[in-house]
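**Student:** Below you'll find the structure I mean.
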Amino acid sequence: MITVQVASTSWWFLPVVTPIAIWAAWSDLARMRIPNLAVLALIAVTLPLGFLALPAEEWLFRLINAPVVLAIGFVFFAAGAMGAGDAKYAAAAAPLFDRQDLPLILVLTTATLLAGFTLHRTIRRIPALRRQMPDWHSWERKEFPMGLVISGVILFYLLIVGIYGQKNA
């Protein structure tokens, strides 16, 4: 079994989370900044939806993930490994993930980070592609836009859960 999460849970979240994830990734690529409004939008749509998609006790337990991820994110921020916006965005997304799926989440994070970093650094060296997005701040900065990775992990996780998750509650 790839995931412990029930497949139907994913299909509740995926349609509303996808546009926010794309917005956050695009904004981070373009401006090296994840808007607070994107973080608040993610919270605003997932918080009430969680009570519909999951039993209340389980959803309340998952909400504990947010402050834990925020604390870890701020440790990474203090170490210069990620931005504060990345930490807030990851914390807002944390309740979407089942803690028992941590091995899957770590594999997805590693794969998405490697693929995203490689693609970003390759594309920024190809003038014809770079000219398509000439004003992106991420082309010039040594920092990497982690919002791309966080969004990728969210979307890939929800897709994997939707396809391979448990079929009954």
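For the sequence shown, this note's numbering gives the first residue as 1361, with consecutive numbering after it.
We put the CB at the ideal spot given by N, CA and C, even for glycine.
Every value quoted in this text rests on a predicted model; they were computed, and no experiment measured them.
In whole angstroms, what separates the C-alpha of residue 1460 from that of residue 1387?
**Tutor:** Here residue 1460 corresponds to residue number 100 of the sequence shown, with the count starting at 1. Here residue 1387 corresponds to residue number 27 of the sequence shown, with the count starting at 1. So the alpha carbons of these two residues sit roughly 31 Å apart.
**Student:** Nearest-angstrom Cα distance between residue 1417 and residue 1411?
**Tutor:** Taking the first residue of the sequence shown as position 1, residue 1417 is located at position 57. Taking the first residue of the sequence shown as position 1, residue 1411 is located at position 51. Taking the straight line from one Cα to the other gives about 9 Å.
**Student:** To which residues of the same chain is residue 1405 closer than 6 Å at the C-beta, ignoring the five residues directly before and after it?
**Tutor:** The residue you call residue 1405 lines up with position 45 of the sequence shown. Around residue 1405: 1376.
**Student:** Can you check which of these residues, 1380, 1507 and 1517, is closest to residue 1445 by C-alpha distance?
**Tutor:** If you number the sequence shown from 1, residue 1445 lands on position 85. Checking every option, the nearest Cα to that of residue 1445 belongs to 1507.
**Student:** What three-state label does DSSP hand residue 1460 in the structure shown?
**Tutor:** Residue mapping note: residue 1460 aligns to position 100 of the sequence shown, counting from 1. It is helical.
**Student:** Taking all protein chains shown into account, decide if residue 1527 is buried (16 or more other Cβ within 10 angstroms of its Cβ) or exposed.
**Tutor:** Working through the sequence shown from its first residue, we reach residue 1527 at position 167. Exposed, since its Cβ has fewer than 16 Cβ neighbours within 10 Å.
**Student:** Assuming the contact rule is C-beta atoms closer than 8 Å, residue 1489 and residue 1381 should be a hit. Round their C-beta distance to whole Å, please.
**Tutor:** Counting from 1 along the sequence shown, the entry for residue 1489 is found at position 129. Counting from 1 along the sequence shown, the entry for residue 1381 is found at position 21. Not confirmed; about 22 Å, so no contact.
**Student:** What does DSSP give as the partner residues of residue 1526 in its beta bridges?
**Tutor:** Your numbering for residue 1526 matches position 166 in the sequence shown. Looking at the DSSP assignment, residue 1526 forms a beta bridge with 1366.
**Student:** Starting from residue 1440 and walking both ways along the alpha helix (DSSP H), at which residues does that stretch end?
**Tutor:** One-based indexing of the sequence shown puts residue 1440 at position 80. Counting along the chain, residue 1440 falls outside any alpha helix (DSSP H), and DSSP gives it neither H nor E.
**Student:** Is the CB-CB distance between residue 1370 and residue 1518 below 8 Å?
**Tutor:** In the sequence shown, the residue the question calls residue 1370 occupies position 10. In the sequence shown, the residue the question calls residue 1518 occupies position 158. Yes, these two residues count as a Cβ contact at 8 Å.
**Student:** Answer with buried or exposed for residue 1448, where buried requires no fewer than 16 other C-beta atoms within 10 angstroms of its C-beta.
**Tutor:** As a first step, residue 1448 must be located in the sequence shown, where it is residue number 88. Buried is the call here.
**Student:** For residue 1435, would you say it is in contact with chain D, using Cβ-to-Cβ distances shorter than 8 Å as the test?
**Tutor:** Absence of chain D from the displayed structure is noted, only one protein chain being present.
**Student:** Do you know how far the Cα of residue 1433 is from the Cα of residue 1509?
**Tutor:** Here residue 1509 refers to the residue found at position 149 when the sequence shown is read from its first residue. Here residue 1433 refers to the residue found at position 73 when the sequence shown is read from its first residue. For residue 1509 and residue 1433, the distance between alpha carbons rounds to 14 Å.
**Student:** Determine whether the beta carbon atoms of residue 1389 and residue 1496 lie at a separation below 8 Å.
**Tutor:** Numbered from 1 along the sequence shown, position 29 holds the residue referred to as residue 1389. Numbered from 1 along the sequence shown, position 136 holds the residue referred to as residue 1496. Going by C-beta atoms, residue 1389 is nearer than 8 Å to residue 1496.
**Student:** Could you give the distance in angstroms between the alpha-carbon of residue 1482 and the alpha-carbon of residue 1442?
**Tutor:** Within the sequence shown, the letter at position 122 stands for residue 1482. Within the sequence shown, the letter at position 82 stands for residue 1442. Whole-angstrom Cα-Cα distance: 21 Å.
**Student:** Here's a check: name, in chain order, each residue in its chain whose Cβ is nearer than 7 Å to the Cβ of residue 1477, leaving out the five neighbours to either side.
**Tutor:** The residue you call residue 1477 lines up with position 117 of the sequence shown. Only 1504 meet the Cβ criterion.
**Student:** Rounded to whole angstroms, what is the Cα-Cα separation between residue 1425 and residue 1455?
**Tutor:** Along the sequence shown, one-based indexing puts residue 1425 at 65. Along the sequence shown, one-based indexing puts residue 1455 at 95. When rounded, the distance between both Cα atoms is 6 Å.
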